[in-house]
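Novice: Mind having a look at this structure? Questions to follow.
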Ligand SMILES: [Zn+2]
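Numbering (the numbering used here), first residue to last: 1 to 312.
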């Protein structure tokens with residue numbers, strides 16, 4: 001899941017940076033279910049699940065030629081699984097790999113495993129803690145990997161290697177996968193080609209999200225990002241710097257509102273998202289909440305029930 005309730009036009013999306021900040025390669029034509037070559041080792045396949053949450057739909061990636069890994073098999077749509085199986089052809093499937101367990105990413109893993117016999121090796125199932133469920137209906141609770149990858153874990157095939165880079169924030173179990181042979185990083189929903197990520201508490205964590213962005217900024221070996229929604233991102237470190245700047249800007253806005261004793265999230269949203277469709281305000285409010293929780297963790301703000309204020 002990406003931007004809840006946000007329109008697919010980035011200009012109308014409160015989470016987007018706007019087209020001028022993006023360093024994408026530009027919108028490319030893409031037909032649902034038809035594999036598209038991105039690099040000799042990388043093909044992508046668009047699922048037929050376009051929505052305000054998923055942009056044109058989920059991008060499933062096939063890595064390798066003679067043997068392959070399938071990254072983010074996507075939603076449980078029979079025609080999408082058929083398209084993946086057709087794109088695999090005679091190749092052996094080494095692994096089915098998920099970046100995280102939102103319902104537009106992992107549910108097809110089980111069916112693809114049943115049809116190919118390949119193991120599911122990827123992110124951990126979502127952790128549920130004692131304080132109550134951390135996950136809402138957007139999570140795939142049935143996801144059950146044969147092997148959960150930790151930081152630095154690898155999967156290798158003929159001429160390719162995938163390395164796990166743990167990037168919590170959008171979700172606590174989010175993993176990006178590096179493909180050094182292509183200077184590429186598969187970024188799932190952590191960094192996307194069409195919009196900034198939605199960070200929804202309690203599983204989403206703004207502090208972790210920002211730390212994970214900083215981790216990627218330090219990875220100078222990556223020359224292209226393949227995200228789960230939207231087109232490839234070139235000059236990715238610059239793109240990530242823009243994302244960090246966008247969040248710092250939002251945080252600054254919140255602090256200025258708190259200085260003026262604006263204490264309720266809906267009032268903050270009114271002033272921060274001027275001109276944005278009110279139907280998107282719930283999603284915007286969750287993003288503001290994620291920032292406030294982060295500021296609270298850092299001792300900068302405090303809360304009294306639904307009222308927020310600067311810490312003394
Ligand atoms: Zn997601």
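The C-beta atom is built at its ideal place from N, Cα and C for all residues, glycine as well.
Small disclaimer: the values here were computed from a predicted structure and weren't measured.
Which full runs of the beta strand (DSSP E) of 3+ residues lie inside the stretch 71-156, going along the chain?
Specialist: Look at the stretch 71-156 and you find these whole runs of beta strand (DSSP E), each 3 residues long or longer: 92-97.
Novice: Quick one: what's got a C-beta closer than 8 Å to residue 300's C-beta in the same chain, skipping five residues either side?
Specialist: 255, 310 and 311
Novice: Are the CB atoms of residue 72 and residue 98 nearer to each other than 9 Å?
Specialist: Closer than 9 Å, so yes.
Novice: Excluding the 5 residues flanking residue 244 on each side, which residues of the same chain have their C-beta closer than 6 Å to its C-beta?
Specialist: 213
Novice: Which residues in the same chain as residue 126 place their Cβ atom closer than 6 Å to its Cβ, once the five residues preceding and following it in sequence are excluded?
Specialist: 101, 135, 139 and 173
Novice: Using the C-alpha atoms, what's the distance from residue 267 back to residue 259?
Specialist: 14 Å
Novice: Counting only runs that start and end within the stretch 220-272, where is the alpha helix (DSSP H) found for 4 or more residues in a row?
Specialist: 236-259 and 265-272
Novice: Contact check, residue 189 vs residue 170 under 8 Å by CB: the rounded distance?
Specialist: 5 Å
Novice: Label residue 24 either buried or exposed according to how many other C-beta atoms from any shown protein chain fall within 10 Å of its C-beta, with 16 as the threshold for buried.
Specialist: With a pLDDT of only 42 at residue 24, under the threshold of 50, the placement of this residue in the model should not be trusted, and no figure is reported.
Novice: Taking the alpha-carbon of residue 56 as reference, which of 46, 65, 62 and 296 has the nearest alpha-carbon?
Specialist: 46
Novice: Go through its chain and collect everything with a Cβ distance to residue 320's Cβ below 6 Å, but skip five positions before and after it.
Specialist: The displayed coordinates of the chain run from 1 to 312. Any statement about residue 320 would go beyond what the structure contains.
Novice: From the DSSP output, in three-state form, read off residue 164 for me.
Specialist: strand
Novice: The beta strand (DSSP E) that contains residue 37, what's its start and end?
Specialist: Note, residue 37: beta strand (DSSP E), 36-39.
Novice: Comparing alpha-carbon positions, which option in 158, 152 and 113 lies nearest residue 146?
Specialist: Of the candidates 158, 152 and 113, the one whose C-alpha sits nearest the C-alpha of residue 146 is 113.
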